[in-house]
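Data first, discussion second: the structure below is written as structure tokens.
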Amino acid sequence: MTQVNSGIPSAASNGLCSCHVCRLVSRRSRFSRREHCPRCGATLHFRKPRSIERCWALVIASYILYIPANLLVMMETGSLINYRKDTIVSGVVHLWKTGSWMIAVIVFIASVAIPVLKLFSLTFLLISVQRRSTWRPRQRTRLFRLLEAVGRWSMLDIYVVTLLAALVQLGSLAVVKAGPAAVAFGAVVILTMFATMQFDPRLIWDPLQKEEIHD
Amino acid sequence: MADRPAQLIACHECDLLQRDIPLNPGCTASCRRCGAVLYRNATDSINRTLAYTLAAGILFVVANSFPIFSIEVSGDRSAITLFGAVRALWEQGVRTISVMVFITAILVPCLELFSLTALLLPLKLGLVPPKYTLFMRTLQFIEPWGMVEVFMLGVLVSLVKLTNNFRVIPGFALYSFGLLTLLIAAAAASFSARDIWNRLDEMMRQEGA
Ligand SMILES: [Zn+2]
Numbered sequence: 010m011t012q013v014n015s016g017i018p019s020a021a022s023n024g025l026c027s028c029h030v031c032r033l034v035s036r037r038s039r040f041s042r043r044e045h046c047p048r049c050g051a052t053l054h055f056r057k058p059r060s061i062e063r064c065w066a067l068v069i070a071s072y073i074l075y076i077p078a079n080l081l082v083m084m085e086t087g088s089l090i091n092y093r094k095d096t097i098v099s100g101v102v103h104l105w106k107t108g109s110w111m112i113a114v115i116v117f118i119a120s121v122a123i124p125v126l127k128l129f130s131l132t133f134l135l136i137s138v139q140r141r142s143t144w145r146p147r148q149r150t151r152l153f154r155l156l157e158a159v160g161r162w163s164m165l166d167i168y169v170v171t172l173l174a175a176l177v178q179l180g181s182l183a184v185v186k187a188g189p190a191a192v193a194f195g196a197v198v199i200l201t202m203f204a205t206m207q208f209d210p211r212l213i214w215d216p217l218q219k220e221e222i223h224d
Numbered sequence: 017m018a019d020r021p022a023q024l025i026a027c028h029e030c031d032l033l034q035r036d037i038p039l040n041p042g043c044t045a046s047c048r049r050c051g052a053v054l055y056r057n058a059t060d061s062i063n064r065t066l067a068y069t070l071a072a073g074i075l076f077v078v079a080n081s082f083p084i085f086s087i088e089v090s091g092d093r094s095a096i097t098l099f100g101a102v103r104a105l106w107e108q109g110v111r112t113i114s115v116m117v118f119i120t121a122i123l124v125p126c127l128e129l130f131s132l133t134a135l136l137l138p139l140k141l142g143l144v145p146p147k148y149t150l151f152m153r154t155l156q157f158i159e160p161w162g163m164v165e166v167f168m169l170g171v172l173v174s175l176v177k178l179t180n181n182f183r184v185i186p187g188f189a190l191y192s193f194g195l196l197t198l199l200i201a202a203a204a205a206s207f208s209a210r211d212i213w214n215r216l217d218e219m220m221r222q223e224g225a
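Written out as structure tokens, the structure is:
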């Protein structure tokens with residue numbers, strides 16, 4: 010039987026490591042370079058390797074791509090009667106004006122609110138972890154859980170553009186085209202999802218037990 | 017194997033060490049420190065997940081074989097399947113988006129259903145699934161990338177947008193996608209990786225004995 014040091018509650022501070030694939034808790038030396046899970050063979054890490062650096066890199070890349078995603082044209086709609094070039098925001102405004110309020114709100118949440126919330130929250134989490142903050146760890150963990158849950162709903166507009174662009178190609182009657190912003194926006198969605206995956210919420214809790222744990 | 021600490025679990029969100037205790041059916045164990053879900057006692061997890069997965073597999077084929085909806089403009093009709101949309105975007109030169117949609121709406125759900133079947137069917141028959149680690153890892157890796165429910169919402173938004181200018185005729189695949197979304201959610205809700213590992217441990221022990 011393993012003795013658990015009840016004073017220090019984390020697995021890592023007891024020299025125990027939970028496998029990220031099968032969740033089996035096994036003993037791992039802090040000094041050996043590479044060890045594998047005895048049950049499933051996955052490489053064991055106390056914490057996600059280079060979590061903060063990787064997460065920052067992805068977040069910064071997303072901030073940069075977020076600019077063209079909002080400034081460029083997301084969708085071009087053309088027919089004999091009118092021709093429109095919409096950015097993400099003007100598309101939402103157009104939906105609102107034409108009376109599709111419900112849809113306007115859904116698209117606004119998926120394409121504007123969620124990406125902004127994700128980028129700001131990840132920035133906040135990264136800074137708070139780097140400063141080894143002990144402020145409200147439970148709430149910060151909950152914020153991270155929320156980011157994981159809502160991230161993929163941002164793909165909504167990409168699907169809408171795809172369906173419309175593929176469907177509405179009836180010669181000269183009407184045309185829908187995906188604009189360059191769709192590519193930038195899609196990249197933002199994917200990069201922020203990777204960023205969320207790279208972040209390790211256990212880092213939020215390490216300062217509470219005065220521990221610094223890597224790898 | 018000698019120093020495997022018995023019945024200890026570490027919270028994957030805050031690393032708190034806790035003891036694995038048996039739960040009543042349908043109950044959930046949460047982390048005492050951060051509130052993360054540690055594990056559930058999903059009743060009859062393997063059988064139920066397998067049933068939902070097989071049903072979802074059939075619907076997946078149906079949903080991808082028929083048009084989702086079509087529009088009519090002065091006698092001209094244009095119908096669309098999911099794969100047709102992916103291909104049309106590829107041909108229009110918007111390849112990045114085309115690949116993104118292909119991966120999240122077709123490839124990942126397909127891999128998910130396949131991996132689940134490859135794991136659960138042998139277990140149901142009392143066999144150790146070949147390459148089970150690979151399939152468990154695949155499931156974990158692709159989990160965030162399956163977006164059938166987001167796609168379903170995208171279909172509904174597109175329908176509303178189109179009804180302003182066109183006559184829209186819903187297709188057979190539209191209903192199949194709706195049902196598929198529900199079945200995939202049900203499979204995910206009844207799936208328990210912990211049950212699978214426990215079952216595998218048990219089988220290994222019997223084989224070793
Ligand atoms: Zn926890």
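These protein sequence lines are chains A and B, in that order. Numbered according to my numbering, the first sequence spans residues 10 to 224. Numbered according to my numbering, the second sequence spans residues 17 to 225. Glycine included, every Cβ here is placed at the ideal spot set by N, Cα and C.
### Message
With a threshold of 7 Å (Cβ to nearest heavy atom), would LEU32/B be considered close to ligand 1?
### Response
As a first step, residue 32/B must be located in the second sequence, where it is residue number 16. Because some heavy atom of ligand 1 lies under 7 Å away, the Cβ of LEU32/B counts as near it: yes.
### Message
On a Cα-Cα basis, can you pick out the residue from PHE85/B, GLN34/B, TYR55/B, PRO41/B that is closest to ALA189/B?
### Response
Mapped onto the second sequence, residue 189/B falls at position 173. Looking at the Cα atoms, PHE85/B is the closest of the given residues.
### Query
If you follow the beta strand (DSSP E) that MET84/A is part of, which residue opens it and which one closes it?
Numbered from 1 along the first sequence, position 75 holds the residue referred to as residue 84/A. Counting along the chain, the beta strand (DSSP E) containing MET84/A begins and ends at 84 to 88.
#### Entry: chain B residues whose Cβ lies nearer than 8 Å to that of VAL192/A
On the first sequence, position 183 is the one that residue 192/A refers to. Correct list: VAL110, THR112, ILE113.
### Other residues of its chain near SER206/B: CB distance less than 7 Å, five sequence neighbours each side excluded
By one-based count along the second sequence, residue 206/B stands at place 190. ALA58, SER61, ARG64, THR65, TYR68, listed in sequence order.
### Task
Give, in chain order, every residue of the segment 118 to 135 of chain B whose Cβ lies closer than 8 Å to some Cβ of chain A.
THR120, ALA121
### Partners in chain A for LYS177/B, counting only beta-carbon separations shorter than 8 Å
Sequence index remark: in the second sequence, residue 177/B carries index 161 (1-based). LEU104, SER109, ILE112, VAL169, LEU173, listed in chain order.
### Query
Near ALA191/A, what residues of its chain come up, given a Cβ to Cβ distance below 6 Å and the 5 sequence neighbours on each side ignored?
Reading the first sequence from its first residue, position 182 is the one you call residue 191/A. Hits under 6 Å: MET83, VAL170.
### Message
Rounded to the nearest angstrom, what separates ASN14/A and ASN23/A at their Cα positions?
### Response
What you label residue 14/A is simply residue 5 of the first sequence in a count that begins at 1. What you label residue 23/A is simply residue 14 of the first sequence in a count that begins at 1. Residue placement at ASN14/A cannot be trusted, given a pLDDT of 46 that sits under 50; what the coordinates show is reported in the next sentence. When rounded, the distance between both Cα atoms is 7 Å.
### Task
Return the chain-ordered list of same chain residues with a C-beta closer than 7 Å to the C-beta of PHE208/A, the five sequence neighbours on each side being excluded.
Position 199 of the first sequence, counted from the start, is the residue given in the question as residue 208/A. Here the set comprises SER60, CYS64, LEU131, LEU134, PHE153.
### Message
By the three-class DSSP mapping on this structure, what secondary structure does LEU66/B have?
### Response
Here the question's residue 66/B lines up with position 50 in the second sequence. Helix at LEU66/B.
#### Entry: Cross-strand partners of SER192/B (DSSP beta bridge)
On the second sequence, position 176 is the one that residue 192/B refers to. According to DSSP, SER192/B bridges with nothing at all.
### Query
Where does the unbroken alpha helix (DSSP H) through ILE115/A begin, and where does it stop?
For the purposes of this step, residue 115/A is taken as residue 106 along the first sequence, with counting starting at 1. It spans 110 to 117 - the alpha helix (DSSP H) in which ILE115/A sits, taken as one unbroken run.
### Task
List the residues of chain B whose Cβ lies closer than 9 Å to the Cβ of MET83/A, in chain order.
As a working mapping, residue 83/A is identified with position 74 in the first sequence. Those do not exist, as MET83/A stays about 11 Å from chain B at its closest Cβ, beyond 9 Å.
### Euclidean distance between Cα positions of ARG48/A and LYS219/A
Working through the first sequence from its first residue, we reach residue 48/A at position 39. Working through the first sequence from its first residue, we reach residue 219/A at position 210. Roughly 31 Å between the two C-alpha positions.
### Query
In or out: PHE129/A buried (at least 16 other Cβ within 10 Å) or exposed?
Sequence index remark: in the first sequence, residue 129/A carries index 120 (1-based). The residue in question, PHE129/A, is exposed, as its Cβ has fewer than 16 Cβ neighbours within 10 Å.
### Task
May I ask you to check if the CB of ALA101/B is nearer than 7 Å to at least one heavy atom of ligand 1?
Sequence index remark: in the second sequence, residue 101/B carries index 85 (1-based). Checking every heavy atom of ligand 1 against the Cβ of ALA101/B, none is found closer than 7 Å.
### Query
Any idea if ILE37/B is buried or exposed, counting beta-carbon neighbours within 10 angstroms, 16 or more meaning buried?
On the second sequence, residue 37/B is found 21 positions in, with the first residue counted as 1. Counting Cβ neighbours within 10 Å, ILE37/B comes out exposed, since fewer than 16 surround it.
### Query
Excluding sequence positions up to five away, which residues of its chain have a Cβ less than 6 Å from the Cβ of VAL144/B?
Here residue 144/B refers to the residue found at position 128 of the second sequence. Excluding sequence neighbours, VAL144/B sits near MET219.
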